[in-house]
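Residues in the sequence shown are numbered from 662 upward in steps of one, following the working numbering.
Quick notes on the structure that follows.
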Amino acid sequence: MTAGEERTVLRLPLLRALLAQGLALALVVVLVYLLALLPWRMSLFSVALLQGVVAAGIGWRLGLSRWWLWINLAFLPALLVMQRADLPAWLFLLGFVLLLLVNWNSLREQVPLYLSGRKAQQRLQQCLSEREPPLRFVDLGCGTAGAVLQMARWFPRGQFVGVETAPLLFVFAWLRCLLQENCSIRYRSLWQVELGDFDVVYCFLSPVPMARLWNKAQVEMHANSWLISNTFE
Numbered sequence: 662m663t664a665g666e667e668r669t670v671l672r673l674p675l676l677r678a679l680l681a682q683g684l685a686l687a688l689v690v691v692l693v694y695l696l697a698l699l700p701w702r703m704s705l706f707s708v709a710l711l712q713g714v715v716a717a718g719i720g721w722r723l724g725l726s727r728w729w730l731w732i733n734l735a736f737l738p739a740l741l742v743m744q745r746a747d748l749p750a751w752l753f754l755l756g757f758v759l760l761l762l763v764n765w766n767s768l769r770e771q772v773p774l775y776l777s778g779r780k781a782q783q784r785l786q787q788c789l790s791e792r793e794p795p796l797r798f799v800d801l802g803c804g805t806a807g808a809v810l811q812m813a814r815w816f817p818r819g820q821f822v823g824v825e826t827a828p829l830l831f832v833f834a835w836l837r838c839l840l841q842e843n844c845s846i847r848y849r850s851l852w853q854v855e856l857g858d859f860d861v862v863y864c865f866l867s868p869v870p871m872a873r874l875w876n877k878a879q880v881e882m883h884a885n886s887w888l889i890s891n892t893f894e
C-alpha cells in the first residue's frame, strides 16, 4: 500500500474510530496497571467509562465528527452494560447491521446522516418559487426523503428526484415517495448523477465532498441551473 493509499484509508471515519478505541484501550490498561501498584482499584465500569472518554478525546484529535465522538464515548460502557444484562448475542449483530445500513455513506464517503429541518425546507421552497416551471430537482443524498418529498408536494408541476445509497434509508425514502407521482427515489451514488439533467441540485452533505462536488457541478450543470447546499458546522 502506498503512502497516498494509506492516507486515503485513514480518512475513513470507521478506521479512525477504531484507531481511537485501540489507542484509548492501550493507554487505560497501562494507567490501570500503574494505579494497581499504589494500590488503588477502579471498578470495571469506571475503567470502561474512562476508556470511552479517552477514545472520544483521541477521536476529536483525529478529526472525527461529533456523532462519532459520542459513539467512541459510549461504545465500551454500552458493551459492558449489555453484557451484564445478559442480552442474546444476536441483538449485538442486529444493532451493528442497522447502524451499518443507516450510516453506509458515513463509512464510505464521510457523509453522516443530516436531515433538512423545517426552516431549511421553507427556505428551499422560497428559492424554488423563483424558478419558472417546469422544474427538475434532485436531492443528492436524500436520506429519509423529507426535503425532496415536501418540495414535490409544494410544486406539483415539477419533477423531483432523490438519490441515496444507504440501504435502509433508501428503502424508507422509496416507500415514502411511492404515492407521490412527481417524486422518485433512486439507489444511486451522487457521483453517478448527471447534474446537467436538473435545474436545481440540492445537497446537505458534509464539508468533505464539497470541493469535489463543486468541480463536478462546474463541468456538468448548465448556465441557468442552481446548486444549493444546506449549511453545516
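Note that beta-carbon positions come from the ideal geometry of N, C-alpha and C, so glycine has one too.
Practice item. Could you name the residues of the same chain whose beta carbon sits closer than 6 angstroms to that of residue 665, not counting the 5 residues immediately before and after it, in chain order? Key: Working through the sequence shown from its first residue, we reach residue 665 at position 4. Below a pLDDT of 50, predicted positions are generally treated as unreliable, and residue 665, at 44, falls in that range; the measurement from the model is reported next regardless. Cβ neighbours of residue 665 beyond the five flanking positions: none.
Exercise for review: Would you list the residues sitting across from residue 758 in a DSSP beta bridge?
Suggested key: Reading the sequence shown from its first residue, position 97 is the one you call residue 758. Residue 758 is not bridged to any residue.
**Study point:** DSSP bridge partner residues for residue 887 (one or two, in chain order)
**Key:** In the sequence shown, the residue the question calls residue 887 occupies position 226. DSSP output for residue 887 lists 861 as bridge partner(s).
**Study point:** Enclosing beta strand (DSSP E) for residue 825 [first to last residue]
**Key:** Taking the first residue of the sequence shown as 1, we reach residue 825 at position 164. Here the beta strand (DSSP E) through residue 825 covers 820–825.
Check your understanding: With burial defined as no fewer than 16 other Cβ atoms inside 10 Å of the residue's Cβ, what is the status of residue 825: buried or exposed?
Key -> Taking the sequence shown and counting its residues from 1, the one referred to as residue 825 is at position 164. By the C-beta density criterion, residue 825 is buried, having at least 16 other C-beta atoms within 10 angstroms.
Review point. Secondary structure at residue 869, three-state DSSP: helix, strand or coil?
Key: For this step, residue 869 is matched to residue 208 along the sequence shown. If DSSP states are grouped into helix, strand and coil, residue 869 belongs with coil.
**Study point:** Cα-Cα separation, residue 881 to residue 822
**Key:** In the sequence shown, counting from the first residue as 1, residue 881 sits at position 220. In the sequence shown, counting from the first residue as 1, residue 822 sits at position 161. One C-alpha to the other measures close to 17 angstroms.
Point to revise | Reduced DSSP category for residue 849 - H, G, I as helix; E, B as strand; rest coil | key: Counting from 1 along the sequence shown, the entry for residue 849 is found at position 188. It is coil, neither helix nor strand.
**Study point:** Pairwise C-alpha distance: residue 867 and residue 800
**Key:** Here residue 800 refers to the residue found at position 139 of the sequence shown. Here residue 867 refers to the residue found at position 206 of the sequence shown. Taking the straight line from one Cα to the other gives about 14 angstroms.
Point to revise | Length-filtered (3 minimum) beta strand (DSSP E) runs lying within the segment 671–745 | key: none
Check your understanding: Do residue 846 and residue 808 have their C-beta atoms within less than 8 angstroms of each other?
Key -> As a working mapping, residue 846 is identified with position 185 in the sequence shown. As a working mapping, residue 808 is identified with position 147 in the sequence shown. Result no, Cβ atoms of residue 846 and residue 808 do not sit closer than 8 angstroms.
**Study point:** Host beta strand (DSSP E) of residue 798 (start-end)
**Key:** As a working mapping, residue 798 is identified with position 137 in the sequence shown. Its beta strand (DSSP E) spans residues 797–801.
Review point. Do the CB positions of residue 891 and residue 777 come within less than 8 angstroms of each other?
Key: Position 230 of the sequence shown, counted from the first residue, corresponds to residue 891. Position 116 of the sequence shown, counted from the first residue, corresponds to residue 777. For residue 891 and residue 777, yes; Cβs fall inside 8 angstroms.
Check your understanding: Looking only at C-alpha atoms, which of 691, 858, 705, 852 sits nearest to residue 872?
Key -> Start at 1 with the first residue of the sequence shown, and residue 872 comes out as number 211. Selected option, being the one with the closest Cα: 852.
Check your understanding: Looking at the unbroken alpha helix (DSSP H) that takes in residue 806, where does it start and where does it end?
Key -> Within the sequence shown, residue 806 is the residue found at index 145, counting from 1. Looking at the DSSP string, residue 806 is not in any alpha helix (DSSP H), and its letter there is neither H nor E.
Check your understanding: Does DSSP classify residue 838 as helix, strand or coil?
Key -> Taking the first residue of the sequence shown as position 1, residue 838 is located at position 177. Reduced to three states, the DSSP call for residue 838 is coil.
Exercise for review: Would you mind stating whether residue 796 and residue 860 have Cβ atoms separated by less than 8 angstroms?
Suggested key: The count along the sequence shown starts at 1 and reaches residue 796 at position 135. The count along the sequence shown starts at 1 and reaches residue 860 at position 199. Cβ distance < 8 angstroms, so residue 796 and residue 860 count as in contact.
Check your understanding: With 16 as the cutoff for other CB atoms within 10 Å, does residue 870 come out buried or exposed?
Key -> Numbered from 1 along the sequence shown, position 209 holds the residue referred to as residue 870. With 16 or more other Cβ atoms within 10 Å, it is buried.
**Study point:** Buried or exposed (CB count within 10 angstroms, at least 16 for buried), residue 697
**Key:** The count along the sequence shown starts at 1 and reaches residue 697 at position 36. Exposed, by the Cβ-count rule.
Exercise for review: Please determine if the segment 741–752 and the segment 712–720 are in contact, where contact requires at least 3 C-beta pairs separated by less than 8 angstroms.
Suggested key: no
Review point. Between 812, 792, 804, 803, which lies nearest to residue 783 when the distance is taken from Cα to Cα?
Key: Along the sequence shown, one-based indexing puts residue 783 at 122. For residue 783, the nearest C-alpha among the options comes from 812.
Review point. Is the Cβ-Cβ distance between residue 844 and residue 802 less than 8 angstroms?
Key: Here residue 844 is taken as the residue at index 183 of the sequence shown, counted from 1. Here residue 802 is taken as the residue at index 141 of the sequence shown, counted from 1. Cβ distance not < 8 angstroms, so residue 844 and residue 802 don't count as in contact.
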